[in-house]
Amino acid sequence: MGLDKPGLLGSGTPTFLTTRLDFVVNWARRNSLWPMPFGTACCAIEMMASAASDYDLARFGMERMSFSPRQADVLICAGRVPYKLAPVLRRIWDQMMQPKWCISMGACASSGGVFDVYSMVQGIDTIVPVDVYIPGCPPRPEGLIYGLMMVQEKIRGESLANHTALRAEDPLATGRPRAGDEEVSDLTGPFGNSTHQNRVSGLVETDAIGRAEDRLP
Amino acid sequence: MTREPAPAPSMSGFDLVAAGPREASDPSGTAAARESVPPGNPSVTALRGHFAEAVFRNRICAGDEDVVYVDPERITDILGWLHDDADQHYDHLADVTAVDYGGGRPLEVVYQLWSIPNRAALRVKCELPLDALAIDSVTGIWAGANWLEREVYDLFGVHFNGHPDLRRILMPDNYAEGHPLRKDFPLRGRFSRAEQTRRALTQDPEDYYVPGEIGERTPQVVEGDGGAGADSGAAGGDDV
Numbered sequence: 140m141g142l143d144k145p146g147l148l149g150s151g152t153p154t155f156l157t158t159r160l161d162f163v164v165n166w167a168r169r170n171s172l173w174p175m176p177f178g179t180a181c182c183a184i185e186m187m188a189s190a191a192s193d194y195d196l197a198r199f200g201m202e203r204m205s206f207s208p209r210q211a212d213v214l215i216c217a218g219r220v221p222y223k224l225a226p227v228l229r230r231i232w233d234q235m236m237q238p239k240w241c242i243s244m245g246a247c248a249s250s251g252g253v254f255d256v257y258s259m260v261q262g263i264d265t266i267v268p269v270d271v272y273i274p275g276c277p278p279r280p281e282g283l284i285y286g287l288m289m290v291q292e293k294i295r296g297e298s299l300a301n302h303t304a305l306r307a308e309d310p311l312a313t314g315r316p317r318a319g320d321e322e323v324s325d326l327t328g329p330f331g332n333s334t335h336q337n338r339v340s341g342l343v344e345t346d347a348i349g350r351a352e353d354r355l356p
Numbered sequence: 147m148t149r150e151p152a153p154a155p156s157m158s159g160f161d162l163v164a165a166g167p168r169e170a171s172d173p174s175g176t177a178a179a180r181e182s183v184p185p186g187n188p189s190v191t192a193l194r195g196h197f198a199e200a201v202f203r204n205r206i207c208a209g210d211e212d213v214v215y216v217d218p219e220r221i222t223d224i225l226g227w228l229h230d231d232a233d234q235h236y237d238h239l240a241d242v243t244a245v246d247y248g249g250g251r252p253l254e255v256v257y258q259l260w261s262i263p264n265r266a267a268l269r270v271k272c273e274l275p276l277d278a279l280a281i282d283s284v285t286g287i288w289a290g291a292n293w294l295e296r297e298v299y300d301l302f303g304v305h306f307n308g309h310p311d312l313r314r315i316l317m318p319d320n321y322a323e324g325h326p327l328r329k330d331f332p333l334r335g336r337f338s339r340a341e342q343t344r345r346a347l348t349q350d351p352e353d354y355y356v357p358g359e360i361g362e363r364t365p366q367v368v369e370g371d372g373g374a375g376a377d378s379g380a381a382g383g384d385d386v
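Those protein sequence lines, which keep their order, are chains F and L. Quick note on our numbering: the first sequence kicks off at 140 and runs consecutively. Quick note on our numbering: the second sequence kicks off at 147 and runs consecutively.
This is the structure:
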């Protein structure tokens, strides 16, 4: 009787399809990524341009910007994050449902950029785990789209077999820094801005940061 | 009030800016010397007439901007007079800020005034020694000075006597590294990055935005919400 109905590929072909569960789950996840925009600076302008008709993020499944973290899949942190905003960013990340991914867009979000100052988080990866870093100041929309496609490629490689390793979260870690003290020091040492690099390398000596009381304890 | 243009007619505005500030007088100058460079704003002359000993000197910056240095002890008298006097009428306090020139020089508190009816601007400065950073609050004259003075307190550590709510406004409430815009403040702060990150995340975001700061939300009464509602009053509301 089943032969009477037209199959997937014409009359007489099967009316069902076999596939891997991993593939179909990942296919669904990577083609319906809803971004949670966390735009604080000029990178957010490029993010808006990416969502507008010229670049049209909806082509890639980012059908709408989700302004509620509970209905978002990928956090796009676009712009500099001061320390006062760090607990807000951490809370938004904690409020997002698994599975979730994070994109650090631009130099400031990734490393603090030129803002190697008292008020600025030196890379949001000290606060939340980051999947893809997009360089640029700010990145062009092509850069953001490429970063989102890299997230899609990362999802393609995931498997439900190691779901716990990939997606489980320690509930005690909510509201806490992602990185430990040593890691924060490592991240902010060699990857600081050019002034910091010059100081670390010993190439340049400036009085402004060479005073003893200015050194980090 | 007629307003005389300050710059000389032969110089353009860019030339005047490039020429730098001109001292209208020095503190030890005679009365004649004080008038050697006439201020563009007649309020300066009037201010000298009323508060002769409290007005230290005045200068003209950037071509035509009048700056008056006054006694910090009498700042509320002077600014109150500038606000209330019928001829001055500086009813808009555009900004309160401060400048730390470093090198142990006194910190300057700057009041940028604007008179809406006279269309006149005046900048009043007070010099405070670094070991006595306190001045009277002007929130009694302009209520809008509240947050501006909080900002100066937060970033420079100037204590405003009589301020109704003097606490940090830009930096987090648990910020313990000092006042960041002071010249003796290190660029990256006093704590390590790890400590700064840890302290930042111990903040509860809801602490910043308490409902009392935004203002109590009062229930809106909709006009004409049923004819019976006006008569029965609260009883009608309880039924719903």
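Every residue gets a Cβ at the ideal spot worked out from N, C-alpha and C, and that includes glycine.
Is it true that the segment 249-266 of chain F meets the segment 301-313 of chain F, where meeting means three or more beta-carbon pairs spaced less than 8 Å apart? no
From residue 167 of chain F to residue 328 of chain L, what distance separates their C-alpha atoms? 54 Å
Which residue from L:243, L:238 and L:282 puts its Cα closest to that of residue 262 of chain L? L:238
In the DSSP assignment, find the alpha helix (DSSP H) that holds residue 188 of chain L and state where it starts and stops. 188-196
Quick one: does residue 226 of chain F have its CB under 7 Å from some CB of chain L? yes
Contact set between residue 303 of chain L and chain F, taken where Cβ atoms lie within less than 8 Å: Correct list: empty, because the minimum Cβ distance to chain F is about 15 Å.
Short of 9 Å Cβ to Cβ, which residues in the segment 321-350 of chain L face chain F? 321, 323, 326, 330, 331, 332, 333, 334, 335, 336, 337, 338, 339, 340, 341, 342, 343, 344, 345, 346, 347, 348, 349 and 350
Return the chain-ordered list of same chain residues with a C-beta closer than 6 Å to the C-beta of residue 217 of chain L, the five sequence neighbours on each side being excluded. 200
Identity of the residue in L:320, L:299, L:318 and L:316 nearest residue 310 of chain L by Cα: L:299
Determine the direct distance from the alpha carbon of residue 317 of chain F to that of residue 268 of chain F, and round the result to whole angstroms. When rounded, the distance between both Cα atoms is 6 Å.
Can you say whether residue 278 of chain F is buried or exposed, counting buried as having 16 or more other CB atoms within 10 angstroms of its CB? buried
Does residue 318 of chain L come within less than 7 Å of chain F when only Cβ atoms are used? Interface criterion met: the Cβ of residue 318 of chain L is under 7 Å from a Cβ in chain F.
Helix, strand or coil: how does DSSP classify residue 303 of chain L here? coil
Taking 7 Å as the CB-CB limit, is residue 267 of chain F close to chain L? no
For a contact defined as C-beta to C-beta under 7 Å, what are the partners of residue 316 of chain F on chain L? 343, 344 and 347
When DSSP labels each residue in this structure, what does residue 217 of chain F get in the three-state scheme? DSSP places residue 217 of chain F in strand when its eight states are reduced to three.
Neighbourhood of residue 346 of chain L by C-beta, 6 Å cutoff - its chain only, sequence neighbours within 5 removed: Hits under 6 Å: none found.
Cα-Cα, which of L:228, L:274, L:352 and L:188 is closest to residue 304 of chain L? When each option's Cα is compared against that of residue 304 of chain L, the closest is L:274.
Please return the same chain residues whose Cβ sits closer than 7 Å to the Cβ of residue 283 of chain F, not counting the five positions on each side in sequence. 185, 186, 189, 244 and 273
Going by other Cβ atoms of all chains shown within 10 Å of its Cβ, with 16 needed for buried, is residue 258 of chain L buried or exposed? By the beta-carbon neighbour count (other beta carbons within 10 angstroms, threshold 16), residue 258 of chain L is buried.
To test your reading of the DSSP string, which unbroken beta strand (DSSP E) runs of 3 or more residues are found completely within the segment 249-285 of chain L? 253-261, 266-274 and 280-282, all fully within the segment 249-285 of chain L.
Would residue 219 of chain F count as contacting chain L if we go by Cβ distances under 7 Å? Chain L contact via Cβ: absent.
Across the segment 236-254 of chain L and the segment 203-210 of chain L, are there enough close Cβ pairs to call them in contact, namely three or more that are closer than 8 Å? no
Within 10 Å of its beta-carbon, does residue 308 of chain L have 16 or more other beta-carbons around it, so buried, or fewer, so exposed? exposed
Just to confirm, is the Cβ distance from residue 296 of chain L to residue 281 of chain L under 7 Å? The Cβ atoms of residue 296 of chain L and residue 281 of chain L do not sit closer than 7 Å to each other.
Same chain, Cβ closer than 8 Å to residue 291 of chain L, five either side skipped, listed in chain order: So the list reads 239, 242, 283, 284 and 285, once near-sequence residues are dropped.
Beta-carbon separation of residue 211 of chain F and residue 175 of chain F under 7 Å? yes
Under 7 Å Cβ-Cβ, which residues of chain L neighbour residue 229 of chain F? 347
Residues within the segment 252-263 of chain F neighbouring chain L, beta-carbon criterion of under 8 Å: Of all residues in the segment 252-263 of chain F, 255, 256, 257, 258, 260 and 261 have a Cβ within less than 8 Å of some Cβ in chain L.
Let me check you understand the geometry: is the CB of residue 253 of chain L closer than 6 Å to at least one non-hydrogen atom of the ligand GTP? The model on display carries no ligand, and the ligand GTP is accordingly not part of it.
So, helix, strand or coil for residue 192 of chain F, using DSSP? coil
Taking residue 323 of chain F as the query, report the chain L residues whose CB atoms sit under 7 Å from its CB, ordered along the chain. 339, 340 and 343
Answer with buried or exposed for residue 219 of chain F, where buried requires no fewer than 16 other C-beta atoms within 10 angstroms of its C-beta. By the 10 Å Cβ count, residue 219 of chain F comes out buried.
Hey, how far is the Cα of residue 294 of chain F from the Cα of residue 236 of chain F? Residue 294 of chain F and residue 236 of chain F: Cα-Cα distance of roughly 16 Å.
For residue 96 of chain L: DSSP bridge partner residues: Missing from the structure shown is residue 96 of chain L; chain L here goes from 147 to 386 and no further.
Per DSSP, what kind of secondary structure is residue 239 of chain L in: helix, strand or coil? strand
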